[in-house]
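Numbering (this note's numbering), first residue to last: 2 to 246. A short write-up of the structure that comes next.
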Amino acid sequence: HETEILPVLRAQRAKLEERLEPADRETIAKLRQSFEELKALKKAFRDSKKRGEEPSEELLEKRKAWGETHRANHETLKALAEKYGPDIDRLMEEIAEAHERWRSDLENIREKYLPEDAPPPHHRRRGWKGKLEEPGLMRKSRFLLLEPAASTNPSQATPDLKLRVAPNPSGDLNRISYELEQAAQIRVELRSEEGELLRVVFEGQVAAGAYQHELDLSELKNGVYVVTVLQQGQPIASQKLILSR
Numbered sequence: 002h003e004t005e006i007l008p009v010l011r012a013q014r015a016k017l018e019e020r021l022e023p024a025d026r027e028t029i030a031k032l033r034q035s036f037e038e039l040k041a042l043k044k045a046f047r048d049s050k051k052r053g054e055e056p057s058e059e060l061l062e063k064r065k066a067w068g069e070t071h072r073a074n075h076e077t078l079k080a081l082a083e084k085y086g087p088d089i090d091r092l093m094e095e096i097a098e099a100h101e102r103w104r105s106d107l108e109n110i111r112e113k114y115l116p117e118d119a120p121p122p123h124h125r126r127r128g129w130k131g132k133l134e135e136p137g138l139m140r141k142s143r144f145l146l147l148e149p150a151a152s153t154n155p156s157q158a159t160p161d162l163k164l165r166v167a168p169n170p171s172g173d174l175n176r177i178s179y180e181l182e183q184a185a186q187i188r189v190e191l192r193s194e195e196g197e198l199l200r201v202v203f204e205g206q207v208a209a210g211a212y213q214h215e216l217d218l219s220e221l222k223n224g225v226y227v228v229t230v231l232q233q234g235q236p237i238a239s240q241k242l243i244l245s246r
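Right, here's the structure in full:
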């Protein structure tokens with residue numbers, strides 16, 4: 002099942018995290034955020050189309066800006082996948098025996114998560130020939146972008162964090178503030194009350210100290226949202242945000 006497959010993949014990804022050079026780890030975090038933003042951008046275009054509306058100028062500008070970095074992002078990701086290819090192959094070999102058992106489950110996950118306009122499986126590129134060949138989750142570049150499971154190393158324990166979202170209730174502009182007692186790989190997300198990811202506010206390695214991120218909510222409807230801070234994919238603090246103009 003999905004609940005069985007993803008934790009195993011993320012556990013393998015955590016092993017790779019320990020082998021990444023610091024600069025590469027930071028680059029991958031930035032790429033992960035960039036592709037999350039692209040996913041949200043595509044969803045916004047699909048939603049506009051479903052409503053029978055033309056995309057806003059802001060959406061068009063965002064697509065243009067992302068398009069200018071698209072090729073560079075893919076080239077960077079490709080180079081990293083090649084660099085760490087042998088490491089990834091070894092990690093995949095460790096779980097190869099489970100592949101047959103997962104085959105049908107992987108197909109179900111692919112159908113659930115791929116965009117509606119995605120090409121059929123035989124049109125997508127294949128990865129790990131003869132090993133773990135599923136072209137979505139198992140492709141090396143996607144494995145690099147996968148959120149690693151939280152480390153069980155005591156030296157990398159979950160940091161103490163004080164989170165504040167203000168003002169709350171909020172208007173169009175908000176500020177997320179938090180204070181870390183130790184260095185950590187942090188990701189700050191904005192989600193709907195139902196759990197849908199709307200925006201990655203920040204992602205990267207940070208030192209101990211106080212941090213702030215400005216949050217523009219002007220495109221969102223009034224309602225309840227959730228700001229969550231994660232360390233290596235695991236939530237460590239969250240706070241509800243009420244948008245009321």
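We put the beta carbon where it would ideally sit given N, CA and C, even for glycine. Computed from a predicted structure; not experimentally measured.
Serine 171 sits close to leucine 244, with the two beta carbons spaced by under 8 Å. Asparagine 223 sits exposed, since fewer than 16 C-beta atoms from the chains shown fall within 10 Å of its C-beta.
In terms of Cα proximity to glutamate 195, the closest of Leu216, Tyr226, Ala167 is Tyr226. Taking the Cα positions, serine 57 is about 44 Å away from aspartate 88. Around the CB of leucine 61, fewer than 16 other CB atoms lie within 10 Å, so the residue is classed as exposed.
Take arginine 20, set aside five residues on each side of it, and the residues of its chain with a beta-carbon closer than 6 Å to its own are Asp88, in chain order. For alanine 238, there is no enclosing alpha helix (DSSP H); the residue is found in the beta strand (DSSP E) stretching over 235–244. Membership of leucine 92 in any beta strand (DSSP E) is not indicated; the residue belongs instead to the alpha helix (DSSP H) covering 86–95. Here the C-alpha atom of serine 219 lies approximately 44 Å from the C-alpha atom of leucine 92. According to the DSSP secondary-structure assignment, alanine 30 is paired through a beta bridge with no residue.
Here the alpha carbon of alanine 30 sits roughly 15 Å from the alpha carbon of lysine 40. Each residue's CA atom was taken as its position, placing valine 166 and tyrosine 212 some 12 Å apart. Under the three-state reduction of DSSP, alanine 208 is assigned to coil, being neither helix nor strand. Taking each of Glu204, Ala209, Arg246, Leu199 in turn and checking the Cα distance to leucine 42, the smallest one comes out for Leu199.
For serine 142, the enclosing alpha helix (DSSP H) begins and ends at 141–146. If you look at leucine 221, you'll find it isn't in any beta strand (DSSP E); DSSP assigns it neither H nor E. Annotation for asparagine 74: Leu32, Ser35 place their beta carbon closer than 7 Å to its own, counting only its chain and skipping 5 residues before and after. The continuous beta strand (DSSP E) containing glutamine 186 extends over residues 185–193. Just measuring C-alpha positions, the residue of Gly205, Pro168, Pro8 sitting nearest isoleucine 177 is Pro168. The C-beta separation of glutamate 190 from leucine 231 comes to about 7 Å, placing the pair in contact by the 8 Å criterion. Of the residues assessed, alanine 185 falls on the buried side of the cut-off, its CB having 16 or more other CB atoms within 10 angstroms.
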